[in-house]
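K.L.:
Residue numbers (numbering that gives the first Met the number 0), protein chains in the order written: chain A, 0 to 218; chain B, 0 to 211; chain C, 0 to 183.
Glycine included, each C-beta is placed from N, C-alpha and C at the ideal position.
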Amino acid sequence: MLSTFKLLLAKEIKLIFKGKDLLGYAIGIAIVMSIAVSMPSARIKIPETAGSALMWLIILFSCVEALQRTFTDEMSGKTSDLMKLLVSPSLVFLSKVFSSSVFTIVIALFTTPLLVLWLGFPISRLPSMLPIAVVGSLAIGLSQGIVSYLLARGSSKGMIYPLVVMPIVLPILISLVILTTQFLEASSISYTLLVVVIAQSLAILLVGIAFLPLLERAV
Amino acid sequence: MFVRILTVLLPVIMLPSMFYGLMIAGADKELGEMSRVIYFHIPPSWLLVIALLVSFIASIMYLIKENNLFDRIAHRSAELGLLFSIIATVTGSIYAYFAWGSAWNWDPKETTIVVLIILYIAYLALRSSMTNVKLKPKISAVYSIVAFITLPFLMFVIPRITNSLHTDGGGGSSLTAQMRIGIYGMTLGLLILYILLLNLALRIDKKKELSQ
Amino acid sequence: MKFSRYTVFENLTETVESGVNLILGSNGSGKTTLLRIIAGLQKQTSGECRIIRDGESMDNIGYETIFLCSPDMELYSELTVQENMKLLAGLMRCNLTSFADWRLEKLQKKLYGHLSSGYKQRVKLMMAFLKTFPILLLDEPEQHLDKQGISFVTECIEERSDNGLLTIVATNNPWRNWRVAVNL
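(1) Among Leu103/C, Leu110/C and Lys108/C, which has the Cα closest to the Cα of arginine 242/C?
(2) To the nearest angstrom, how far is the alpha carbon of alanine 73/B from that of threonine 103/A?
(3) If the criterion is Cβ atoms closer than 8 Å, does the pair alanine 124/B and isoleucine 159/A meet it?
(4) What separation, rounded to the nearest whole angstrom, lies between the Cα atoms of glycine 153/A and serine 127/B?
(5) So what does DSSP say about asparagine 67/B, is it helix, strand or coil?
(6) Taking buried to mean at least 16 other C-beta atoms within 10 Å of its own C-beta, is isoleucine 212/A buried or exposed?
(7) Compile a chain-ordered list of the residues in the stretch 94 to 114 of chain C whose CB is closer than 8 Å to at least one CB of chain A.
(8) Among Ser210/B, Asn198/B and Ile56/B, whose alpha-carbon lies nearest the alpha-carbon of valine 2/B?
(9) Are alanine 57/B and leucine 79/B close, meaning C-beta to C-beta below 8 Å?
(10) Quick one: what's leucine 21/C bridged to in DSSP?
(11) Nearest to isoleucine 117/B by alpha carbon, out of Phe70/A, Met165/A and Ser87/A?
(12) From threonine 48/A to leucine 183/A, what does the alpha carbon distance come to, in whole angstroms?
(13) For valine 206/A, which of Lys133/B, Gly100/B and Ala140/B has the nearest alpha-carbon?
(14) What residues in the stretch 11 to 23 of chain A have a beta carbon less than 8 Å from any beta carbon of chain C?
(15) What's the gap between the Cα of threonine 78/A and the Cα of methionine 72/C?
(16) Does the beta carbon of arginine 68/A sit closer than 8 Å to a beta carbon anywhere in chain B?
(17) Listing by chain order, which chain B residues have their CB less than 9 Å from the CB of valine 195/A?
(18) Applying the 10 Å Cβ sphere with the 16-neighbour rule, what's the burial state of arginine 68/A?
(19) My assumption, with CB atoms under 8 Å, is that valine 96/A sits in contact with glycine 144/A. Please give the rounded CB distance.
(20) Along chain A, which residues have their Cβ under 7 Å away from the Cβ of tyrosine 96/B?
(21) By the criterion of Cβ-Cβ separation under 8 Å, what are the contact partners of alanine 38/C in chain A?
(22) Assuming proline 43/B contacts threonine 111/B (C-beta within less than 8 Å), just tell me the rounded distance between them.
(23) On the premise that alanine 151/A lies in contact with phenylalanine 70/A, defined as a C-beta separation below 8 Å, what is that separation, rounded to the nearest angstrom?
(24) Entirely within the stretch 144 to 192 of chain A and at least 4 residues each: give me those alpha helix (DSSP H) ranges in chain order.
(25) Of all the options Ile30/A, Arg216/A, Ile197/A and Glu11/A, which has the alpha carbon lying nearest to the alpha carbon of alanine 65/A?
(26) Anything in chain A within Cβ reach of leucine 90/C, meaning under 7 Å, just list it in chain order.
(27) Select from the stretch 59 to 77 of chain C all residues with a C-beta closer than 7 Å to any C-beta belonging to chain A, and list them in chain order.
(28) Here's the rule I'm using: 16 or more other beta-carbon atoms within 10 Å means buried, otherwise exposed. How should threonine 32/C be labelled?
(29) Could you tell me if asparagine 40/B is buried or exposed, where buried requires 16 or more neighbouring beta carbons within 10 angstroms of its beta carbon?
(30) Quick one, are the C-beta atoms of isoleucine 45/A and threonine 110/A less than 8 Å apart?
(31) In or out: tyrosine 214/A buried (at least 16 other Cβ within 10 Å) or exposed?
(32) Report buried or exposed for threonine 149/B, applying the criterion of at least 16 other Cβ atoms within 10 angstroms of its Cβ.
(33) Within 10 Å of its beta-carbon, does tyrosine 111/C have 16 or more other beta-carbons around it, so buried, or fewer, so exposed?
(34) Assuming contact is defined by CB atoms lying nearer than 8 Å, are leucine 14/A and valine 36/A in contact in what I supplied?
(35) So phenylalanine 66/C is in the alpha helix (DSSP H); what residue range does that whole segment cover?
(36) Reducing DSSP to helix, strand and coil, say where glycine 25/B ends up.
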């Protein structure tokens, strides 16, 4: 099972980074939005909370296209039946969720130093910010995965992705903003909140894995 | 028969509880008469958890048994849960205005209930956006389960680890014994109302299905 | 089997054993649907499909037992032919066969999405015969193939039959002297 998962994950990462349009789009959005928030606030001190919120919103917004397409490409590209014949749907799901998390992490690692620098926060905070950027991106990727899958599976009409995914991700996002603020202020870190973030995203992921076979029972 | 008994019980329990809470039970010393809004805030808060729990369980049962009744229960119970959450939010805002000087304070509990409302609006939006009749109940069921999983974090964990205006994270330890009687009575009444509304909605759904 | 109010086929009762079995039918007769039901990708409206091995009914058909190759299926357009086949060989837990057998040796580094329909079909068939599945379902395998391609596929199918394996082929017209199991 582990070797199958590794194969699938390698395939997903290859696909997500090979099609450079997704990466280019995400980086482009991240840069444009970072400039848009940094330039007007050039000579005023942005509160750490606002800076954290902007950082996570930019990361999320940059990755929305990639996250949304994680599963839709498989469905529309007609490869999903092939995968169903060869591997468990749970493994395919896991590989896609982790690959989209990797993508989000890459964008977060790119965006975080950019914003710390451009918003005028102390560079010395950066080394402690990067782990939270990684953990937060992983949490976002894991928690939005099942909903992305449901939308792709149901071939939902209209641009419903933000409406349906954001409520799931929002509590995690709020917690991440609080945590990132604590890192930026170098104040005491609420490790309980960090555990809550990880626990919530893992709980959602486990629900997805547990109920996916029931969803995929031949319709 | 059961429905008839409940229909009779509803006013028998609800009206006296309301009367007791509004007229007889002592008011909060600091807030005065305005504190009586909690009889319309706490019971809906509890009922929303029950309604969403029923939706959650029905969703799991649907995925296992693939019986459409469970899908209908999950759907209608989620709708009722949404209704209760809106009532709880509005009455909570009234309480907040008098207790803390502002109708909205971004208190963790206030925030989490807004997220909950958005979650279940999203559930209903997801259901209505699906055209595949076979997949719609399955997908809705999984989303309902995922939405419910976030509930403990939203309602119980996060308010307790962040600074909340709600006393004891909203556990209600500052309520007097008299207030509790009124609140429990109202909760029981609302529970009966919930069951009756759910039953009515399911009967309407069944009729629609038969006519198709 | 019904889709909404449209019945594709009904009252279908048939038993197939090892060897090559044909499902004949014109366009829209339900050949692909029937194969998908056998493969477990779709559920029949009513009735049952049972796979019996050594006299025992298999309730849980593993990934090692049955495979379907259909025109509806595609491989990954953004991966090369070689990358696709390596992935599939890894998932099937078998070794890669020769690309030359399917005349694909010069196209290994080409993106699957850039291939012509004929070469895509060759890649799909190479995938189908990569592993020796006890049951192989082929949906119009002759589609887009030239004479050499059809000849090679026929050889592969007959080799399976000689080895006592079950192959079900859905096609528009009778093929060789293979048994017609179902005529839709």
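P.N.:
In brief:
(1) A query on residue 242/C cannot be resolved here, the shown segment of chain C reaching from 0 to 183 and no further.
(2) Sequence index remark: in the second sequence, residue 73/B carries index 74 (1-based). Sequence index remark: in the first sequence, residue 103/A carries index 104 (1-based). Approximately 33 Å, taken between the alpha carbons.
(3) Looking up residue 124/B in the second sequence gives position 125. Looking up residue 159/A in the first sequence gives position 160. Contact: yes.
(4) As a position in the first sequence, residue 153/A is number 154, starting the count at 1. As a position in the second sequence, residue 127/B is number 128, starting the count at 1. Whole-angstrom Cα-Cα distance: 11 Å.
(5) Residue mapping note: residue 67/B aligns to position 68 of the second sequence, counting from 1. Reduced to three states, the DSSP call for asparagine 67/B is helix.
(6) Working through the first sequence from its first residue, we reach residue 212/A at position 213. Residue 212/A is actually proline in this sequence, not isoleucine. Exposed is the call here.
(7) none
(8) As a working note, residue 2/B is residue 3 in the second sequence. Checked all of Ser210/B, Asn198/B and Ile56/B; the closest Cα to valine 2/B is Asn198/B.
(9) Sequence index remark: in the second sequence, residue 57/B carries index 58 (1-based). Sequence index remark: in the second sequence, residue 79/B carries index 80 (1-based). Cβ distance not < 8 Å, so alanine 57/B and leucine 79/B don't count as in contact.
(10) For the purposes of this step, residue 21/C is taken as the residue at position 22 of the third sequence. In DSSP, leucine 21/C forms a bridge with Val168/C and Val179/C.
(11) As a first step, residue 117/B is located in the second sequence; it is residue number 118 there, counting from the start. Ranking Phe70/A, Met165/A and Ser87/A by Cα distance to isoleucine 117/B puts Met165/A first.
(12) The residue labelled residue 48/A in the question sits at position 49 within the first sequence. The residue labelled residue 183/A in the question sits at position 184 within the first sequence. Taking the straight line joining both Cα atoms gives about 9 Å.
(13) As a first step, residue 206/A is located in the first sequence; it is residue number 207 there, counting from the start. The shortest C-alpha separation from valine 206/A is found at Ala140/B.
(14) Lys13, Leu14, Lys17 and Gly18
(15) In the first sequence, residue 78/A corresponds to position 79, counting from 1. In the third sequence, residue 72/C corresponds to position 73, counting from 1. Answer to the nearest angstrom: the Cα atoms are 6 Å apart.
(16) In the first sequence, residue 68/A corresponds to position 69, counting from 1. It does not: the Cβ of arginine 68/A has no partner Cβ on chain B nearer than 8 Å.
(17) Counting from one through the first sequence, the residue named residue 195/A turns up at place 196. Per Cβ cutoff of 9 Å: Phe152, Val156, Ile157 and Ile160.
(18) In the first sequence, residue 68/A corresponds to position 69, counting from 1. Buried, since its Cβ has 16 or more Cβ neighbours within 10 Å.
(19) What you label residue 96/A is simply residue 97 of the first sequence in a count that begins at 1. What you label residue 144/A is simply residue 145 of the first sequence in a count that begins at 1. At roughly 3 Å, the Cβ-Cβ gap stays under 8 Å, so valine 96/A and glycine 144/A are in contact.
(20) Numbered from 1 along the second sequence, position 97 holds the residue referred to as residue 96/B. Neighbours of tyrosine 96/B on chain A: none; closest Cβ ~23 Å, over 7 Å.
(21) Within the third sequence, the letter at position 39 stands for residue 38/C. Here the neighbours are Leu84.
(22) Taking the second sequence and counting its residues from 1, one reaches residue 43/B at position 44. Taking the second sequence and counting its residues from 1, one reaches residue 111/B at position 112. Actually they do not touch by this definition, with Cβ atoms about 15 Å apart.
(23) Start at 1 with the first residue of the first sequence, and residue 70/A comes out as number 71. Start at 1 with the first residue of the first sequence, and residue 151/A comes out as number 152. Yes, they are in contact, since the Cβ atoms of phenylalanine 70/A and alanine 151/A sit about 3 Å apart, within 8 Å.
(24) 160 to 184
(25) The residue labelled residue 65/A in the question sits at position 66 within the first sequence. It is Glu11/A whose Cα lies nearest to the Cα of alanine 65/A.
(26) One-based indexing of the third sequence puts residue 90/C at position 91. Within 7 Å Cβ-Cβ: Thr3, Leu6, Leu85 and Val86.
(27) Tyr62, Phe66, Leu67, Asp71, Met72, Glu73, Leu74, Tyr75, Ser76 and Glu77
(28) Taking the first residue of the third sequence as 1, we reach residue 32/C at position 33. Buried: at least 16 other Cβ atoms inside 10 Å.
(29) Position 41 of the second sequence, counted from the first residue, corresponds to residue 40/B. Looking at the sequence itself, residue 40/B is histidine, so the reference to asparagine does not match. The residue in question, histidine 40/B, is buried, as its Cβ has 16 or more Cβ neighbours within 10 Å.
(30) In the first sequence, the residue the question calls residue 45/A occupies position 46. In the first sequence, the residue the question calls residue 110/A occupies position 111. No, the pair does not count as a contact, with Cβ atoms beyond the cut-off.
(31) Residue numbering aside, residue 214/A sits at position 215 when the first sequence is read from its first letter. Correcting the residue type first, residue 214/A is leucine in the shown sequence and not tyrosine. Classification of leucine 214/A: buried, given that the 10 Å Cβ count is 16 or more.
(32) Against the second sequence, residue 149/B aligns to sequence position 150. Buried: at least 16 other Cβ atoms inside 10 Å.
(33) Here the question's residue 111/C lines up with position 112 in the third sequence. Label assigned to tyrosine 111/C: buried.
(34) Taking the first residue of the first sequence as position 1, residue 14/A is located at position 15. Taking the first residue of the first sequence as position 1, residue 36/A is located at position 37. In this structure, valine 36/A does not lie closer than 8 Å to leucine 14/A by Cβ.
(35) The sequence position of residue 66/C within the third sequence is 67, counting from 1. That residue, phenylalanine 66/C, is in no alpha helix (DSSP H); its beta strand (DSSP E) goes 65 to 68.
(36) Numbered from its first residue, the second sequence carries residue 25/B at position 26. Here glycine 25/B sits in coil by DSSP.
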